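To start, the structure under review is shown below, and the notes come after it.
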Amino acid sequence: MIVLRGSQQTGVQVDLWSDTDILMILHPKIEINEDRFIHAHNPIGNILGSEIYRGLESILYRTAIEYESSIHLLDSSLCTYNEWTSIEALKDQSFTVVYGHIEIPTKAVMGIAKSDLSFSPYENEINKTWFKFTMAIKKFARKDNLIGMHLLLDLIREYLTLEMIERDIREKTNIHRLGHSEHLPASIKLSNIEETNQEGLLNYIANLAHAYDQKLLDNVSNYKSRRNKISEYIDESIRYLRGEH
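Numbering-wise (full-length UniProt numbering), the sequence shown opens with residue 1 and increments by one.
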């Protein structure tokens, strides 16, 4: 069976950037053939870029395809019958059957409550992120701005990940058709980054560490603050740059 999901369904407003979201459900006892699934997209048009997400019983293949002199975004999912009946059909998402027929599980018809999103999957990444903070400080202090900026952009990305999860919990959404014109806190606006000002870069990292740390304190149980240790390390680095060591 093939179902259409998302904004391309009849009666839903679409725009230039709307993707086509399709899900293909395999017949019971048929296993996933990833190569065949991926290669089936080639006749559609020239694939400009793609990414693949793999689950135990599912594949999501996201592509940007050149078709009829325009770029189209296609999200193709393939899942086993078991995945459909136990997970996909129970999601709180509308869909339209475009090919085939399959019985929809009773719970999917009745609807089930979505569980709240959790920060717990990110707890294992906390140590790695804080280590990256120390590496960024070191690189900027040594005037290796190329690697330092690479690390800093990663750290901003980690902060934004927490912001996005927090938004999903607040707005009760996990599908993002439109945003809310969000912006970074004033202390870590990108315009505050001065690429050739070592002290300014270190102070920016201090502000980012404070904001990141606060997000963790607000949302991760049993988390212990680390901002003060990072601030002390930054202060020590600045004194060293000034020749005050």
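Glycine is no exception: its CB is placed at the ideal position from the N, C-alpha and C atoms. Given the structure is predicted, the values throughout are model-derived calculations rather than measurements.
Q) residue 100: which of 227, 228, 200, 1 sits nearest, CA to CA? A) By 1-based counting over the sequence shown, the position of residue 100 is 100. The shortest Cα separation from residue 100 among 227, 228, 200, 1 belongs to 1.
Q.
Tell me which residues share the same chain as residue 200 and place their Cβ nearer than 6 Å to its Cβ, disregarding the 5 neighbours each side in the sequence.
A. The residue you call residue 200 lines up with position 200 of the sequence shown. So the list reads 194, once near-sequence residues are dropped.
Q: Go through its chain and collect everything with a Cβ distance to residue 245's Cβ below 7 Å, but skip five positions before and after it.
A: For the purposes of this step, residue 245 is identified with residue 245 of the sequence shown, where counting begins at 1. Excluding residues within five positions, the ones whose Cβ falls inside 7 Å are 239.
Q) Roughly how many whole angstroms lie between the Cα atoms of residue 135 and residue 148? A) The sequence position of residue 135 within the sequence shown is 135, counting from 1. The sequence position of residue 148 within the sequence shown is 148, counting from 1. Spanning the two alpha carbons is a distance of roughly 8 Å.
Q: Could you have a look at residue 75 and say whether DSSP puts it in helix, strand or coil?
A: In the sequence shown, counting from the first residue as 1, residue 75 sits at position 75. In the structure shown, residue 75 sits in a strand (DSSP, three-state: E or B).
Q) Roughly how many angstroms lie between the CA atoms of residue 81 and residue 184, to the nearest whole one? A) Working through the sequence shown from its first residue, we reach residue 81 at position 81. Working through the sequence shown from its first residue, we reach residue 184 at position 184. Approximately 42 Å, taken between the alpha carbons.
Q) Do three or more CB pairs link the region 154-174 to the region 208-227 at distances below 8 Å? A) yes
**Q.** Simplified DSSP state of residue 222, which is helix, strand or coil
**A.** The residue labelled residue 222 in the question sits at position 222 within the sequence shown. Reduced to three states, the DSSP call for residue 222 is coil.
Q: Please state if the CB of residue 151 and the CB of residue 132 are separated by a distance shorter than 7 Å.
A: Here the question's residue 132 lines up with position 132 in the sequence shown. Here the question's residue 151 lines up with position 151 in the sequence shown. Against a cut-off of 7 Å, the Cβ pair of residue 151 and residue 132 comes out as a contact.
Q) Rounded to the nearest angstrom, how far is the Cβ of residue 77 from that of residue 60, given a contact under 8 Å? A) As a working mapping, residue 77 is identified with position 77 in the sequence shown. As a working mapping, residue 60 is identified with position 60 in the sequence shown. Correct: roughly 5 Å between the Cβ atoms.
Q) Do you know how far the Cα of residue 49 is from the Cα of residue 206? A) Taking the first residue of the sequence shown as position 1, residue 206 is located at position 206. Taking the first residue of the sequence shown as position 1, residue 49 is located at position 49. So the alpha carbons of these two residues sit roughly 36 Å apart.
Q: Classify residue 109 as helix, strand or coil using the three-state DSSP reduction.
A: Locating residue 109 in the sequence shown gives position 109, where the first residue counts as 1. Low confidence applies to residue 109: its pLDDT is 41, below 50, so where it sits in the model is not reliable, and the reading given next is rough at best. It is helical.
Q: With distances taken Cα to Cα, identify the nearest neighbour of residue 142 among 5, 70, 202.
A: Taking the first residue of the sequence shown as position 1, residue 142 is located at position 142. Ranking the options by Cα distance to residue 142, first place goes to 202.
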